[in-house]
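Novice: Submitted below is the structure of interest, expressed as structure tokens.
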Ligand SMILES: Nc1ncnc2c1ncn2[C@@H]1O[C@H](COP(=O)(O)OP(=O)(O)OP(=O)(O)O)[C@@H](O)[C@H]1O
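Chains as they are written, first to last, in the working numbering: chain S, 1 to 344; chain V, 345 to 518.
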């Protein structure tokens with residue numbers, strides 16, 4: 001059995017976790033920076049990077065203490081090396097490198113998205129490759145075919161906003177504050193999803209991708225019209241977003257032939273209405289549906305440790321001069337989607 | 345002196361030292377310098393300390409330059425001036441005993457020129473500052489970690505916090 005230390009610092013959560021190759025999470029800690037960024041209505045990269053640098057080493061020490069382990073007991077160090085806010089990524093990666101070098105342990109430079117992509121296998125030992133993955137977070141919105149560790153085929157991505165970003169922007173428009181996803185969901189539960197007519201961008205389109213910019217603009221217009229209750233806007237937005245996701249999954253179905261399951265990961269996977277719709281979609285199409293537990297959906301270090309465990313078991317490691325990557329697509333061969341820019 | 349471009353060399357460099365650099369006490373520059381360089385150095389020092397059970401102490405970069413200047417030019421007051429961000433310079437005056445007069449400041453060149461109070465000026469912008477003031481003796485020194493032993497115990501910081509020298513670039517929306 002191998003013991004992996006995972007480090008995550010690519011956005012606004014500083015996190016460390018100890019995970020075994022037997023899927024046991026011995027300890028994990030997450031220090032959220034929500035309070036530091038809230039006045040700005042979004043994550044400020046330099047503030048995030050400073051906070052990671054302050055907190056990470058003590059957090060790792062506390063995580064080891066929680067598990068009653070020392071660094072000597074650890075078999076490999078897995079640190080997020082991108083994609084994400086580069087200042088924070090560099091702090092986590094140099095910390096991982098220093099621990100690996102000083103302790104003579106292998107370093108595993110983990111793609112944050114691979115952490116999300118493999119997290120369902122940490123929660124569900126029965127989940128076999130290949131599986132269909134809907135990755136919906138603050139920075140990403142993709143449909144992937146996961147063939148194996150390190151083998152991903154991207155079938156769809158967003159040409160503008162990520163889904164979590166659309167939730168966050170809707171929250172901002174409705175004055176709900178940051179971070180907005182959970183607040184929109186809560187408000188939506190009390191509203192009427194049929195009350196506000198909102199567009200479903202790219203619904204039925206022959207290209208496989210997502211688009212949410214038009215939906216966000218429509219939410220802004222609905223709010224500014226003064227004709228609607230906020231809870232109705234929230235509910236109508238959420239329903240439109242879910243309709244888009246289901247339609248895009250339908251479009252990708254032929255490419256998902258042979259997938260053992262439909263899996264959702266990323267922060268928006270915490271959304272219960274989304275989960276319900278996905279579960280129904282999977283059932284209709286004769287696929288089992290899996291979603292990792294909520295604490296594995298949003299950014300965390302257990303998923304990074306687990307991706308490290310999968311790669312360690314495969315005999316992989318990375319050199320100490322590995323460079324942090326602000327952009328790092330899971331599928332380097334995927335055709336760029338029009339206008340996708342950084343989110344591809 | 346670490347920027348974004350060469351941060352990946354830090355750990356391999358330490359790994360090439362005798363005994364992979366293993367030490368009981370790790371001294372790290374607190375800055376100011378590039379924001380990235382400051383925090384990468386400190387993050388690495390803290391991680392190494394955790395792994396080796398070592399202590400970390402910090403030293404202000406400008407104090408090191410002041411000590412290097414005094415080592416070269418003799419004990420006398422010195423103004424240290426380094427390139428900062430957004431066209432500003434980091435400046436700090438040190439007295440004849442090597443103690444800082446006032447906290448470090450990030451200033452526009454003209455304000456830096458008005459604030460500088462020593463004849464001896466050291467640092468990456470020393471020549472530019474002397475040219476602006478039309479006086480002074482410039483020592484264009486860069487911080488060199490090997491000169492660490494020149495530092496007085498008094499400037500060492502036992503629980504080091506970074507000296508970024510400037511707040512993050514962010515405005516609270518209205
Ligand atoms: N209950 C919810 N309903 C909808 N969205 C949610 C919910 N909970 C969280 N989110 C959204 O999930 C996102 C955060 O997810 P996560 O932490 O995985 O992503 P990230 O770090 O922002 O991006 P990435 O992982 O792509 O770098 C935010 O946009 C947030 O609004």
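Ideal placement from N, C-alpha and C gives every residue a C-beta, glycine not left out. Note that the coordinates shown come from a computational prediction; the quantities given were computed from them, not determined experimentally.
Pop quiz: residue 460 (chain V) and residue 98 (chain S) are said to be a contact at Cβ under 8 Å. What is the actual Cβ separation, rounded to whole angstroms?
Specialist: 38 Å between Cβ atoms; not a contact.
Novice: Strictly below 7 Å CB to CB, what residues from chain S border residue 477 (chain V)?
Specialist: Within 7 Å Cβ-Cβ: nothing; residue 477 (chain V) doesn't reach chain S, min ~32 Å.
Novice: DSSP on residue 40 (chain S), reduced to helix/strand/coil?
Specialist: Note: residue 40 (chain S) maps to helix in three-state DSSP.
Novice: Tell me whether residue 190 (chain S) counts as near ligand 1, meaning its Cβ is closer than 8 Å to at least one heavy atom of that ligand.
Specialist: Residue 190 (chain S): no, Cβ never under 8 Å from ligand 1.
Novice: Could you check whether the Cβ of residue 260 (chain S) sits closer than 8 Å to any heavy atom belonging to ligand 3?
Specialist: Ligands present in the displayed structure are limited to ligand 1, and ligand 3 is not among them.
Novice: Assign residue 344 (chain S) to one of two classes, buried (16 or more other C-beta atoms within 10 Å of its C-beta) or exposed (fewer than that).
Specialist: For residue 344 (chain S), the pLDDT reaches just 44, beneath the cut-off of 50, and the residue's location in the model is therefore unreliable, although a value from the coordinates is still provided. Residue 344 (chain S) is buried by the Cβ-count criterion.
Novice: I need the straight-line Cα distance from residue 208 (chain S) to residue 248 (chain S), nearest angstrom please.
Specialist: Cα to Cα, residue 208 (chain S) sits roughly 6 Å from residue 248 (chain S).
Novice: Tell me, please, whether the segment 75-83 of chain S touches the segment 3-17 of chain S by the rule of three or more beta-carbon pairs shorter than 8 Å.
Specialist: Judged by Cβ distances under 8 Å, the segment 75-83 of chain S makes contact with the segment 3-17 of chain S, as three or more pairs qualify.
Novice: Is the separation between the beta-carbon of residue 410 (chain V) and that of residue 444 (chain V) shorter than 9 Å?
Specialist: Against a cut-off of 9 Å, the Cβ pair of residue 444 (chain V) and residue 410 (chain V) comes out as a contact.
Novice: Spatial neighbours of residue 342 (chain S) within its chain, please: CB distance less than 8 Å, with the 5 preceding and 5 following residues excluded, ordered by chain position.
Specialist: Low per-residue confidence applies at residue 342 (chain S): pLDDT is 47, beneath 50, and the placement is therefore not dependable enough to give any value.
Novice: Examine ligand 1 and report whether any of its heavy atoms sits within less than 8 Å of the Cβ of residue 185 (chain S).
Specialist: Flag set: Cβ of residue 185 (chain S) near ligand 1.
Novice: Is the CB-CB distance between residue 92 (chain S) and residue 395 (chain V) below 9 Å?
Specialist: It is not a contact, given that the beta carbons lie outside the stated cut-off.
Novice: Whole alpha helix (DSSP H) runs in the segment 173-208 of chain S with 4 or more residues, listed along the chain?
Specialist: List check, alpha helix (DSSP H) in window: 181-188.
Novice: I'd like the span of the alpha helix (DSSP H) that includes residue 379 (chain V), first residue to last.
Specialist: Counting along the chain, the alpha helix (DSSP H) containing residue 379 (chain V) begins and ends at 379-396.
Novice: Is any beta-carbon of chain S found at less than 9 Å from that of residue 514 (chain V)?
Specialist: It does; some Cβ of chain S falls within 9 Å.
Novice: Could you list the residues in the segment 308-332 of chain S with a C-beta less than 9 Å from some C-beta on chain V, going in chain order?
Specialist: Answer set for the segment 308-332 of chain S: 319, 320, 321, 322, 323 and 324.
Novice: Please name the residue or residues paired with residue 8 (chain S) in a DSSP beta bridge.
Specialist: In DSSP, residue 8 (chain S) forms a bridge with S:15.
Novice: Measuring alpha carbon to alpha carbon, tell me which residue in S:332, S:335, S:244 and S:325 is nearest residue 351 (chain V).
Specialist: Here the closest residue by C-alpha is S:325.
Novice: Of the residues that make up the segment 396-421 of chain V, which ones have a beta carbon closer than 7 Å to any beta carbon in chain S?
Specialist: Flagged, chain order: 396.
Novice: Work out the CA separation of residue 471 (chain V) and residue 346 (chain V) for me, nearest whole Å.
Specialist: Low confidence applies to residue 346 (chain V): its pLDDT is 49, below 50, so where it sits in the model is not reliable, and the reading given next is rough at best. Cα to Cα, the separation comes out at about 22 Å.
Novice: Return helix, strand or coil for residue 170 (chain S), following the three-state DSSP convention.
Specialist: Residue state, collapsed to three classes: helix.
Novice: For residue 306 (chain S) and residue 458 (chain V), what's the separation of their Cα atoms in angstroms?
Specialist: If I take the Cα positions, the gap works out to 57 Å.
Novice: From this set, S:64, S:329, S:82 and S:211, which residue's C-alpha is nearest residue 240 (chain S)'s C-alpha?
Specialist: When each option's Cα is compared against that of residue 240 (chain S), the closest is S:211.
Novice: Do you know how far the Cα of residue 398 (chain V) is from the Cα of residue 70 (chain S)?
Specialist: Spanning the two alpha carbons is a distance of roughly 15 Å.
Novice: If you reduce the DSSP assignment to three classes, tell me which class residue 60 (chain S) lands in.
Specialist: Three-state result, residue 60 (chain S): helix.
Novice: Please state whether DSSP places residue 73 (chain S) in a helix, a strand or coil.
Specialist: Helix at residue 73 (chain S).
Novice: Name the one or two DSSP bridge partners that residue 101 (chain S) has.
Specialist: Looking at the DSSP assignment, residue 101 (chain S) forms no beta bridge with any residue, so it has no partner.
Novice: On the premise that residue 274 (chain S) lies in contact with residue 242 (chain S), defined as a C-beta separation below 8 Å, what is that separation, rounded to the nearest angstrom?
Specialist: Yes, they are in contact, since the Cβ atoms of residue 242 (chain S) and residue 274 (chain S) sit about 6 Å apart, within 8 Å.
Novice: Tell me, to the nearest whole angstrom, how far the beta carbon of residue 50 (chain S) is from that of residue 383 (chain V); I am working on the premise that it is less than 8 Å.
Specialist: Right, their Cβ atoms sit about 7 Å apart.
Novice: Cβ of residue 107 (chain S) versus every heavy atom of ligand 1: is any distance shorter than 8 Å?
Specialist: No, ligand 1 has no heavy atom inside 8 Å of this Cβ.
Novice: Given this structure, state the Cα-to-Cα distance separating residue 148 (chain S) from residue 371 (chain V), to the nearest angstrom.
Specialist: Approximately 44 Å, taken between the alpha carbons.
Novice: Which residues in the same chain have their Cβ closer than 8 Å to the Cβ of residue 481 (chain V), if we skip the five residues on either side of it in sequence?
Specialist: Once the five neighbours on either side are set aside, the close Cβ partners of residue 481 (chain V) are 417, 463, 464, 465 and 474.
Novice: Would you say the beta carbon of residue 13 (chain S) comes nearer than 8 Å to a heavy atom of ligand 1?
Specialist: True, at least one ligand heavy atom lies under 8 Å from that Cβ.
Novice: Where does residue 356 (chain V) land, buried or exposed, given buried means 16+ other C-beta within 10 angstroms?
Specialist: Flag for residue 356 (chain V) reads exposed.
Novice: Are the CB atoms of residue 53 (chain S) and residue 30 (chain S) within a distance shorter than 9 Å?
Specialist: In this structure, residue 53 (chain S) does not lie closer than 9 Å to residue 30 (chain S) by Cβ.
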